[in-house]
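Going line by line, the protein sequences match chains A and B. For the first sequence, the positions run 1 to 504 when the working numbering is used. For the second sequence, the positions run 505 to 926 when the working numbering is used. In this text, a Cβ means the ideal position worked out from N, Cα and C, and glycines have one as well. Quick caveat: nothing in here was measured; it's all calculated off a predicted structure. Accompanying notes for the structure given below.
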Amino acid sequence: MRGITKRFGDLVANDHIDITVEPGEVHALLGENGAGKSTLMNQLYGLLHPDEGQILVNDEPVVFNSPRDAIAAGIGMVHQHFMLVPVFTVAENIALGAEETRGGPLGWLDRRRSRRDVIDTSTKYGLPVDPDALVEDLPVGAQQRVEIVKALTREVDLLILDEPTAVLTPQETEELLAVMRSLTAMGKSIVFITHKLKEVKAIADRITVVRRGRIVGTASPDTSEDELAALMVGRAVSLEVQKAPAEPGAVVLKIDGLVVDDDRGIRAVDGVDLEVRAGEVLGIAGVQGNGQTELVEAVMGLREVRAGSVRLEGDDLIGLSTKKILRSGVGYVPEDRSHDGVVKEFSVAENLVLDMYDSAPYGNAFRVDGGKVGGNARERIEQFDIRCQSADTLVGTLSGGNQQKVVVAREMSRPLRLFIASQPTRGVDVGSIEFIHKQIIHERDQGTAVLVVSSELDEVVGLADRIAVMYRGRILAIVSPDTPREELGLLMAGITGAPAEGEK
Amino acid sequence: MSTATVQEPTEVAAPEPFWSRQCRLGLALVLIGALAAAVFGALAPSEDARFTLSEDAEGAALSINGQVGAVLFGLLALAAGGAMLAGLARRRSNVLLSLGILAFVLSFLCWQVAGNFMPLVDTTEGTLQLALPLILGALAGVLGERSGVVNVAIEGQFLMGAFAGALVGTMATSVWAGLISAAVGGVIIAAILAVLSIRYLVDQTVVGMVLNLFALGITGFLYERLMQPDAQTYNTPPQMPEWRIPGLADIPVIGPVLFEANLLVWVALALVVAIHFGLSRTRWGLRTRAVGEHPTAADTVGIRVRGLRYLNVLLGGVVAGIGGAYFTLVATGSFTKNMTAGAGFIALAALIFGRYTPFGALGAALFFGFAQKLATYLSAIESPVPSQFLNMLPYLATLIAVAGLVGRVRAPAADGQPYIKS
């Protein structure tokens, strides 16, 4: 790709980017969220059209009007959000768009041949998939294999993987890296988009770092993580969370035998006991979908509790409305920011008082005091380093990191006894991650009990004083953050280590 | 805490939700079965109920004592409900459910028909004829909605089809010209729906409603200005001929209904089969379903999402337009203002009741057609049950269906959502 420029309105998403991928190499595209990595690759895959610049495949200039053209030129892409139809079978999903038919004008599907193609490709590349399974029934790791097989059946030479490890367990990530290695050994090229430094170092042959739509450097895999992070962010960042040892006080949150069902009525939380003490961070680690979401929602009164008790310093929370729970001194950062955390069409100032607008000093049951709300906003914007043009900017126009800072600022601007953060840094840039982590530790040091749920193991390990590993609705173990990664990974996969690590 | 402690999971017995769907439905069946056996049985006179295999009182007949029949079928419905409650045949609970409802209907019929007769051929034929536009309308809906475009404008497509069929049919004095222009009439409405909802991303339900009003307005206007003053020239369309297939038409009951019929009956039934297999077995169908479920996924494998949606909505317009032709070229001999009288909305209900599948839509349309036919039959025999009550039943059934009692109705995931390319 040569001199690729792509603008969205005033925003320059890609600014004269040159990038070359050699046959048989893993080329890592490293950069923060919103740096323009996906935009760049979507142009290579024909989903977007560059405003300037050229794409060359095997030295031939090409123009891709749709993914169809890109596929024909031997380019495949596995998107961050899987592009699979949930109610279709694996074979149907893989066949879609390149269906095998028995010929004739009707386009009668040849399902047997589609199935056989799937099985052939999956055995050839060592990617086990069941052609007859419904995609919606498959775990994410398997869905990802389906996506890769889908690209490979189209006989691509270049495979783009967009943030492929975001949804995987450490073990699944290892497997994926192994698959990538075997693919390159067969001569395929891979563009690996990520912001995870460890993986880049483990797999990449070459690294291109993108920041704010520009290439800011290329590096070899033996560059140190700190250097790569500095390149990504543009300044030195500390990847480690700096914190003093915790001084746990009295038990603030006590959960006993909690049972919660998910939306489909399937047991999601199956008897969880937990205690969170004042002045400590309890991290809940686990692969997404093991009941963490439902656990937090139940504590916040957002989901019906089927059995068990939740107490905040002895007071029962079950049956209270979410508003009352928040008012009793609980701060809550929901996992889906854009859906539950902010109202995108509201201004920063309004979002900062979303759960306080009807009480002093911001207003009462009848009116909202605009002056006070604005004053509060200016203060928080300063204090939490929210990058926005003014307090009246619509939150939807901010970057993910700044939106999240708005949520965190709002929740921390009340006196808290308990602070619950679900995926506090999902889709947040490295610079903001560092800041949000500092704020969480700061809240802990003030004596608040903190519960952090994250599917990023690094984040849990960095923040937590104790780690509870959740698997299939149960707490498998509570371990210290200096437990080896491998062991945590195994626990997250539901394997309780053989010699049970000094079980008392 | 430097060592790992593996917690013993606490065993908690949370209450199972007792009222599963099967239990609820089973209980409902038991109740209506008991009601049928007790009330219908008590009210039914102890005289023979005759179901004749012809169009009148003559000829061979199935007959049963009204009282015995009402009680017997009531008990059967109760038994089916009991079986569901007991958790028998969980896999086939829908079969039990249909059986129970059928028994309830039969029990009701035994009561009503006792001392009288019901001509089965006439009833079946009437059911099919009344269901015919509903089948075609619902199929038009299937085509649009499976590709992700909500089609509320079936009513408008009916009206345009009926009007165009009558007008062109009369002027060309050819029923076939009328049929083709009916299809064109449906396509006109479909094309406006398609352009506004796919190209200009207007809310599909709103566009649909507006199109219905538009069709009502324009056909009403032209009817009053053009057709009414000179009905002879503009509003006496030829009628579709009935064709008889020798041999097959001699089968009792089914023969005269299916094989001595007009072309539309065959077209509708053939379309049900064609669309069913088209959707499930062909490339077009696979892509249509993908576009209706997850358009972005379809786009990333090079499928033209909007193009396919245009195609399907327009095809739906053809089918609904032909459905409109039924009103002027088959049922009556002329167009009148607002003659479809909400049939398009019943077709929409049949589509949802039939879970967005062709055969489901067929079943639902037949059910609605039967209820309408039964209502006319009851008023003909001067039954104590008001026919208006029966006319209401299809809508009640639809409400219950949409509320999810008869199995969750799962619409295509992207139904009604315009596809915006980033």
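Give me the chain A residues within the contact set of residue i, using Cβ-Cβ distance strictly less than 7 angstroms, ordered along the chain.
i	result
I856 (chain B)	The contacting residues do not exist; I856 (chain B) stays about 18 angstroms from chain A at best.
R787 (chain B)	E99, T101, G107, L109
L969 (chain B)	An answer regarding residue 969 (chain B) cannot be provided, because it is not within the stretch 505 to 926 covered by chain B.
L815 (chain B)	Going along chain A, no residue has its Cβ under 7 angstroms from L815 (chain B), so there is no contact; the nearest lies around 13 angstroms.
L783 (chain B)	Simply none; closest approach about 11 angstroms.
If you measure between the beta carbons of residue i and residue j, is that distance less than 7 angstroms?
i	j	result
Y727 (chain B)	T674 (chain B)	no
G308 (chain A)	M470 (chain A)	no
L253 (chain A)	V269 (chain A)	no
G53 (chain A)	V210 (chain A)	no
P637 (chain B)	G873 (chain B)	no
A151 (chain A)	G76 (chain A)	yes
G669 (chain B)	G682 (chain B)	yes
V348 (chain A)	T393 (chain A)	yes
I334 (chain A)	S422 (chain A)	The sequence given here places Pro at residue 334 (chain A); Ile does not occur at that position. Yes, they are a contact pair.
G690 (chain B)	G858 (chain B)	no
Q171 (chain A)	A493 (chain A)	yes
S189 (chain A)	V21 (chain A)	yes
L533 (chain B)	A581 (chain B)	yes
P760 (chain B)	V625 (chain B)	yes
R785 (chain B)	E99 (chain A)	no
T397 (chain A)	F419 (chain A)	no
Q708 (chain B)	V654 (chain B)	yes
Quick one: measure Cβ to Cβ for residue i and residue j, integer angstroms, because I've assumed they're closer than 8 angstroms.
i	j	result
V296 (chain A)	L352 (chain A)	In fact, because the Cβ distance is near 22 angstroms, the residues do not count as touching under 8 angstroms.
V809 (chain B)	V823 (chain B)	Actually they are not in contact, since the Cβ atoms of V809 (chain B) and V823 (chain B) sit about 21 angstroms apart, beyond 8 angstroms.
A644 (chain B)	G867 (chain B)	Their Cβ separation, rounded to whole angstroms, is 17 angstroms, which puts A644 (chain B) and G867 (chain B) out of contact at 8 angstroms.
V817 (chain B)	G648 (chain B)	5 angstroms
V656 (chain B)	L852 (chain B)	7 angstroms
T153 (chain A)	D117 (chain A)	6 angstroms
V435 (chain A)	D355 (chain A)	Note that residue 435 (chain A) is Phe in the sequence shown, not Val. In fact, because the Cβ distance is near 22 angstroms, the residues do not count as touching under 8 angstroms.
P862 (chain B)	V646 (chain B)	6 angstroms
K877 (chain B)	T631 (chain B)	5 angstroms
G36 (chain A)	G213 (chain A)	4 angstroms
F192 (chain A)	A28 (chain A)	5 angstroms
A687 (chain B)	F831 (chain B)	That belief does not hold up - the Cβ atoms of A687 (chain B) and F831 (chain B) are roughly 14 angstroms apart, past 8 angstroms.
I495 (chain A)	I478 (chain A)	That belief does not hold up - the Cβ atoms of I495 (chain A) and I478 (chain A) are roughly 16 angstroms apart, past 8 angstroms.
R414 (chain A)	G331 (chain A)	7 angstroms
List, in chain order, every chain B residue whose beta-carbon is nearer than 9 angstroms to that of residue i.
i	result
I71 (chain A)	V805, G806
L47 (chain A)	D803, T804, K925, S926
Output, in chain order, the set of chain A residues within a Cβ distance shorter than 9 angstroms of residue i.
i	result
T861 (chain B)	Those do not exist, as T861 (chain B) stays about 13 angstroms from chain A at its closest Cβ, beyond 9 angstroms.
A802 (chain B)	M83, V85, L96, G97
A794 (chain B)	V85, F88, E92, N93, L96, G97
From the DSSP secondary-structure annotation, give me the bridge partner or partners of residue i.
i	result
E60 (chain A)	A:V57
R311 (chain A)	A:K254, A:D316
E764 (chain B)	B:R748
N351 (chain A)	N351 (chain A) pairs with nothing; no bridge assigned.
D552 (chain B)	B:N569
S422 (chain A)	A:V453
D162 (chain A)	A:I193
M77 (chain A)	A:I160
A468 (chain A)	A:I284, A:I478
K438 (chain A)	In DSSP, K438 (chain A) forms no bridge with anything.
A219 (chain A)	A:I207
R277 (chain A)	A:V251
Q332 (chain A)	In the sequence as displayed, the identity of residue 332 (chain A) is Tyr instead of Gln. According to DSSP, which records beta bridges pairwise, Y332 (chain A) is partnered with A:I420.
Which chain A residues are close to residue i, counting only those with a beta carbon under 8 angstroms from its beta carbon?
i	result
H798 (chain B)	M83, L84, V85, P86
L566 (chain B)	The premise fails here: L566 (chain B) is roughly 43 angstroms from chain A at the closest Cβ pair, so nothing lies under 8 angstroms.
For residue i, which residues in chain B fall below 7 angstroms Cβ to Cβ?
i	result
R68 (chain A)	G806
H79 (chain A)	T804
**Request:** With a floor of 3 residues, list each beta strand (DSSP E) that falls wholly inside the stretch 576-650 of chain B, ordered by position along the chain.
**Result:** Listed in chain order, they are 621-623.
**Message:** For a minimum of 3 consecutive residues, which ranges assigned as the beta strand (DSSP E) are wholly contained in the stretch 9-42 of chain A?
**Reply:** Listed in chain order, the complete beta strand (DSSP E) runs (minimum 3 residues) inside the stretch 9-42 of chain A are 11-17, 26-31.
**Prompt:** Fully enclosed by the stretch 758-826 of chain B, which beta strand (DSSP E) runs are 3 residues long or longer?
**Reply:** Qualifying beta strand (DSSP E) stretches, in chain order: 764-766.
**Message:** In chain order, what are the residue ranges of uninterrupted beta strand (DSSP E) at least 3 long that sit wholly in the stretch 375-431 of chain A?
**Reply:** Runs found: 418-422.
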